[in-house]
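Undergrad: The structure's right below; bear with me while I get my questions together.
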């Protein structure tokens, strides 16, 4: 073989190496691409821990459309009961629907939402079983799930069980965090009802909500539903917060899925109020993955 041909072969091999065999450029953006147990949807950033309440509504409105749309590519699971349905309807009205999540479904394809009675046959008033069902579903989807959003119902947290709820919820979060180190959490303060009698448990719900903020605000996002429902305590009785009339599903603002509350021991959200309040939920999801 002539020297000229040998030179051509060497040049060809060098070009091939740099095009196909070299190391990829490092990612210096600071983004978390789920390089742990989660290998799900779109790229997550570092996130911004903290509490999202009333100010979250305006913050969401100020976001550029391109930034809002980022959350559509993040694999998030939102399990809840009826008040959560009101929030889902509000998110849908804002252009961010949650795809239905049922038994044995996968947490892929972006935002997924389901009710505990469908996913695990668990009704309101059984917080321990709701925690179990969420943990089982998160574990089954540990390679997909990026953002976990657990919400208690208004009948779950009462004066006689709130300390147990705190203990079980903390153990649940710790277990999922150990299993999936890159998993993000959006904690939701337990929803309020209109009645402030001790029997209905608003005081206990407030204690759990404050505990969530104290415990997780430095690592996770807390969606302060209580602040939004009560207009930051404007609606209260004897220092116990309650859902404001303007935020309830009354005759002037019924819920699409839950109609009108039939008693003061309920706390569903009206359609218009839900569209406004859900903006803070969307902002919470955005902060978890921004």
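Residue numbers (mature numbering (1 follows the signal peptide of the UniProt record, and there is no 0)): -21 to -1, 1 to 269. Every residue gets a Cβ at the ideal spot worked out from N, C-alpha and C, and that includes glycine.
#1: Using a Cβ-Cβ cutoff of less than 6 Å, which residues in the same chain neighbour residue 208 once the five nearest sequence positions on both sides are dropped?
#2: Identify the residues that DSSP records as bridge partners of residue 39: which are they?
#3: Can you tell me the Cα-Cα spacing of residue 83 and residue 127, whole angstroms?
#4: How would you write the range of the beta strand (DSSP E) that residue 29 sits in, first residue to last?
#5: So residue 55 is in the alpha helix (DSSP H); what residue range does that whole segment cover?
#6: Does the stretch 24 to 35 touch the stretch 188 to 204, meaning 3 or more C-beta pairs lie closer than 8 Å?
#7: In whole angstroms, give me the CA-to-CA distance for residue 124 and residue 115.
#8: Run the CB neighbour count on residue 178, radius 10 Å, all protein chains shown included, and call it buried at 16 or more, exposed below.
#9: Compare the C-alpha of residue 104 against each of 35, 39, 117, 60 and name the closest.
#10: Given that a residue counts as buried once 16 or more other Cβ atoms are within 10 Å of its Cβ, and exposed if not, what is residue 175?
#11: Note down, in chain order, each residue of its chain lying with its Cβ closer than 8 Å to the Cβ of residue 58, except the 5 sequence neighbours on either side.
#12: Where does the unbroken alpha helix (DSSP H) through residue 110 begin, and where does it stop?
#13: Given residue 261, which residues of its chain have a CB within under 8 Å of its CB, disregarding the five upstream and five downstream residues?
#14: Can you list, in chain order, the residues of its chain whose CB lies under 6 Å from that of residue 21, leaving out five sequence neighbours each side?
#15: What is the C-beta distance between residue 183 and residue 141, in whole angstroms, given that I count them as a contact (C-beta under 8 Å)?
#16: Give me the Cα-Cα distance between residue 78 and residue 90, rounded to the nearest whole angstrom.
#17: Between the alpha carbons of residue 192 and residue 35, how many angstroms are there, rounded?
#18: Measuring only the C-alpha atoms, how far is residue 67 from residue 41?
#19: Specify, as a first and last residue, the run of the beta strand (DSSP E) that residue 127 falls within.
#20: Below 8 Å on the Cβ atoms is my contact criterion, and I expect residue 203 with residue 169 to pass it. Report the Cβ-Cβ distance as a whole number of Å.
#21: Name the one or two DSSP bridge partners that residue 166 has.
#22: Taking all protein chains shown into account, decide if residue 37 is buried (16 or more other Cβ within 10 angstroms of its Cβ) or exposed.
#23: Would you mind listing the alpha helix (DSSP H) stretches within the stretch 48 to 96 that are 4+ residues and don't spill past its ends, in chain order?
#24: Measuring CA to CA, which of 63, 56, 62 is closest to residue 85?
#25: Using C-beta distances below 6 Å, list every residue in its chain close to residue 251, excluding the 5 sequence neighbours before and after it, in chain order.
#26: Starting from the C-beta of residue 5, find all residues in its chain whose C-beta is less than 8 Å away, skip the five residues before and the five after it, and write them out in chain order.
#27: From the DSSP output, in three-state form, read off residue 264 for me.
TA: The relevant details are as follows:
#1: As a working note, residue 208 is residue 229 in the chain shown. For residue 208, where only same-chain residues beyond five positions count, the Cβ hits under 6 Å are 171, 222, 226.
#2: To locate residue 39, count along the chain shown from 1; it is residue 60. DSSP lists no partner for residue 39.
#3: Position 104 of the chain shown holds residue 83. Position 148 of the chain shown holds residue 127. Each residue's alpha carbon lies about 16 Å from the other.
#4: On the chain shown, residue 29 is found 50 positions in, with the first residue counted as 1. Where residue 29 is concerned, the enclosing beta strand (DSSP E) stretches over 29 to 31.
#5: Translated into the one-based positions of the chain shown, residue 55 becomes position 76. Premise fails: residue 55 lies in the beta strand (DSSP E), 55 to 59, not in any alpha helix (DSSP H).
#6: yes
#7: Walking along the chain shown from the start, residue 124 turns up at place 145. Walking along the chain shown from the start, residue 115 turns up at place 136. Taking the straight line from one Cα to the other gives about 12 Å.
#8: Position 199 of the chain shown, counting from 1, holds the residue named residue 178. Residue 178 comes out exposed.
#9: Taking the chain shown and counting its residues from 1, one reaches residue 104 at position 125. Nearest C-alpha to residue 104: 60.
#10: For this step, residue 175 is matched to residue 196 along the chain shown. Buried: at least 16 other Cβ atoms inside 10 Å.
#11: Counted from its first residue, the chain shown places residue 58 at position 79. So the list reads 80, 92, 93, 94, 95, 98, 109, 112, 113, 116, 128, 129, 130, once near-sequence residues are dropped.
#12: As a working mapping, residue 110 is identified with position 131 in the chain shown. Run containing residue 110: 106 to 119, per the alpha helix (DSSP H) assignment.
#13: As a first step, residue 261 must be located in the chain shown, where it is residue number 282. So the qualifying residues of the chain are 39, 47, 50, 70, 73, 75.
#14: Stepping through the chain shown from its first residue, residue 21 is reached at position 42. Hits under 6 Å: 52, 53.
#15: Mapped onto the chain shown, residue 183 falls at position 204. Mapped onto the chain shown, residue 141 falls at position 162. The pair is a contact, with the Cβ atoms about 4 Å apart (cut-off 8 Å).
#16: The count along the chain shown starts at 1 and reaches residue 78 at position 99. The count along the chain shown starts at 1 and reaches residue 90 at position 111. Distance between the alpha carbons of residue 78 and residue 90 is about 6 Å.
#17: Walking along the chain shown from the start, residue 192 turns up at place 213. Walking along the chain shown from the start, residue 35 turns up at place 56. Using only the alpha carbons, I get a separation of about 15 Å.
#18: Your numbering for residue 67 matches position 88 in the chain shown. Your numbering for residue 41 matches position 62 in the chain shown. Roughly 21 Å separates the two Cα atoms.
#19: Locating residue 127 in the chain shown gives position 148, where the first residue counts as 1. Counting along the chain, the beta strand (DSSP E) containing residue 127 begins and ends at 126 to 129.
#20: On the chain shown, residue 203 is found 224 positions in, with the first residue counted as 1. On the chain shown, residue 169 is found 190 positions in, with the first residue counted as 1. 11 Å between Cβ atoms; not a contact.
#21: Along the chain shown, read from residue 1 onward, the residue named residue 166 stands at position 187. Answer by DSSP bridge pairing, in chain order: 129, 201.
#22: Looking up residue 37 in the chain shown gives position 58. Exposed is the call here.
#23: 61 to 72
#24: Here residue 85 corresponds to residue number 106 of the chain shown, with the count starting at 1. For residue 85, the nearest C-alpha among the options comes from 56.
#25: Indexing the chain shown from 1 puts residue 251 at position 272. Result list for residue 251: 232, in chain order.
#26: Reading the chain shown from its first residue, position 26 is the one you call residue 5. In this prediction, residue 5 scores a pLDDT of 33, lower than 50, which makes its location untrustworthy; the coordinate-derived value is nonetheless stated afterwards. Hits under 8 Å: none found.
#27: As a first step, residue 264 is located in the chain shown; it is residue number 285 there, counting from the start. DSSP places residue 264 in helix when its eight states are reduced to three.
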